[in-house]
Every structure is written in C-alpha cells, then in structure tokens.
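I have placed the structure first, in the form of structure tokens, so that the comments after it can refer back to it.
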Amino acid sequence: MSHGLVSRQARVRPIVCEWDASSTKPGPSQNSEAWQELLPRIKSISKPIVVNRRLGELIPATVTSCVSAVLANGEVPLLLGGDHRLSYSSLQAVNSHVDLSQVHQWDAHHDHHQSLTLNNYSVFHFAQSRLGMNIFRHGLREDGAPPAQIPERPEKHVYVSIDADYLDPQDFASVSYPLPVKPSMRCDIETLLSEVEEVGRNFEVIGGDVVEWCGHRATEKEKEIVRRLVQGVVDCIGK
Ligand SMILES: [Mn+2]
Numbered sequence: 009m010s011h012g013l014v015s016r017q018a019r020v021r022p023i024v025c026e027w028d029a030s031s032t033k034p035g036p037s038q039n040s041e042a043w044q045e046l047l048p049r050i051k052s053i054s055k056p057i058v059v060n061r062r063l064g065e066l067i068p069a070t071v072t073s074c075v076s077a078v079l080a081n082g083e084v085p086l087l088l089g090g091d092h093r094l095s096y097s098s099l100q101a102v103n104s105h106v107d108l109s110q111v112h113q114w115d116a117h118h119d120h121h122q123s124l125t126l127n128n129y130s131v132f133h134f135a136q137s138r139l140g141m142n143i144f145r146h147g148l149r150e151d152g153a154p155p156a157q158i159p160e161r162p163e164k165h166v167y168v169s170i171d172a173d174y175l176d177p178q179d180f181a182s183v184s185y186p187l188p189v190k191p192s193m194r195c196d197i198e199t200l201l202s203e204v205e206e207v208g209r210n211f212e213v214i215g216g217d218v219v220e221w222c223g224h225r226a227t228e229k230e231k232e233i234v235r236r237l238v239q240g241v242v243d244c245i246g247k
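The sequence shown runs 9 to 247 under my numbering.
Okay, structure coming up:
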C-alpha cells in the first residue's frame, strides 16, 4: 500500500473512458469534454485517469488494468463511460481484489440479454454467469429481466453501476436508449441519490461507474443533474 498517495479527503479516483465498447448507436463515446467540464466541480475527488481512445480494442483490458491499479493504491475507482459494456471490465478487476458478489444497477434496462458476445445489453448476463454476481436492480422498466438471486452469504462489498437512462426521459433526455417511466415508479435524481446513499449506509461500496450518458448533447440542466449524481456517488463511495 502506498499510503503517501492516498489522502483522506479524496479517496475516489475517476477513470474517464469515452468509448463505446459495443453500442451500435454512438453517443456515450463522445463524453470526454463533458467529463472534463464537470469533474473540476466535483468535491473530494482525485485527478482523473483518462483512457486514451486511440487504444481502440485494447480499451476494455486497459480499463481492467486501471481499476486494478486504483484498488491496489487503496483508492476507490469510479469509471465514467462510455457504454455499459465497460462495467464488465471494471467488475473483473474489482472481483479479483475483494470478495464481491453484489452489484446494484440503476438502469431503465436489465442489460441481461443472453448473447454470444459480451456487449452493452448482455453485460449483466455475463457478470452473473462468468463472475457469479447477483444483480440488484433499481428503476428497471424493460420486460424480461431474470429475478435477482438471494445471496448465499451476507454481503460486505458491493459495486454500484449507474446507467444515465435510469432517469425519467421527461427530465433527462441525453441518453441513447430512453424508456418512459411507469406511473407507479419514480426515477428522478432525488430517488437515485437516496437509494445510492442507502446502499452506502448498509455496505462498503468498493467501486462504481456512471455510463451511457451522451454529455455532448446535454443541456445545462442535465449537466447539473449529472454533477449532482456524480457528487452523490463520490460522497457515498469515498467515505
Ligand atoms: Mn440502460
């Protein structure tokens, strides 16, 4: 452990990766400028690691290496995407550092489709079948999700994965795959932050990601929502 590099004020290390690993609709791949504009306004966060998009097909492996290095340094990784496929790269690293078996996913979709390839709509199918993770979902309104499994042992560490399309498209439209919210549901920033906070109160959050945001076409109001979201996640996972 290199304690000299870890300050109590800033335990969270952002890893910016403006790349769509598998999305057919590009959007979150153009996020570098949006994250660059937003990160200086986030309190208690370390200097970001920016994954250079010229690495191309090597990016998923690079993300795994970066997350692993951040954990080895005693910090908490926060991956800022990019698309949801990248969460798998982060989970692979986290899974090799701690006994992790639960992911909390905020997302309109389950991203748990059976597919021969690992992509942004099969990522949690692979996280469950290959990494043995239980996925606990918030804000889901896509049909056909497999039920969450009851963990066999008490959870200690959890990972939080936030897809920006969790948010109600009436308030937040800068995503590639918006889904309307059902009348019985509330998927606003306040609900999201209170659920993240509750997860943080009950478990040690070992890492997280915010993905699928199309920052390049976000309004100022939407950028402020994402700023609050990232700050809330940082406050939760950096304590
Ligand atoms: Mn989604």
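The beta-carbon is built from N, C-alpha and C at its ideal position, and this holds for glycine as well.
Backbone CA spacing between residue i and residue j [nearest angstrom]
i    : j    : result
A226 : L87  : 19 Å
I170 : V238 : 10 Å
D115 : D173 : 6 Å
P155 : P188 : 21 Å
H146 : H105 : 25 Å
H133 : L66  : 22 Å
R49  : F180 : 20 Å
G12  : V59  : In this predicted model, G12 has a pLDDT of only 45, less than 50, meaning its place in the structure is not dependable; the value taken from the coordinates is given anyway. If you take the alpha carbons of G12 and V59, they lie about 24 Å apart.
S52  : G246 : 8 Å
R194 : D176 : 8 Å
I68  : S76  : Correcting the residue identity first, residue 68 is Pro in this sequence and not Ile. When rounded, the distance between both Cα atoms is 12 Å.
Reduced DSSP category for residue i - H, G, I as helix; E, B as strand; rest coil
i    : result
P48  : helix
V131 : helix
V166 : strand
G216 : strand
P85  : strand
S37  : helix
W43  : helix
V207 : helix
V238 : helix
D243 : helix
Assumed close pair residue i, residue j - CB separation to whole angstroms, cut-off 8 Å
i   : j    : result
E26 : G90  : 6 Å
P36 : V242 : The Cβ separation is near 20 Å, so there is no contact.
Q44 : H224 : That pair is no contact at about 12 Å.
S30 : N128 : 5 Å
C-beta atoms of residue i and residue j nearer than 9 Å
i    : j    : result
C74  : A101 : yes
I233 : L108 : no
A135 : L99  : yes
Q110 : Y167 : yes
H117 : Y185 : yes
- [ ] Any chance you could list the beta strand (DSSP E) runs of at least 3 consecutive residues sitting entirely within the segment 65-127, in chain order?
- [x] 84-88, 108-114
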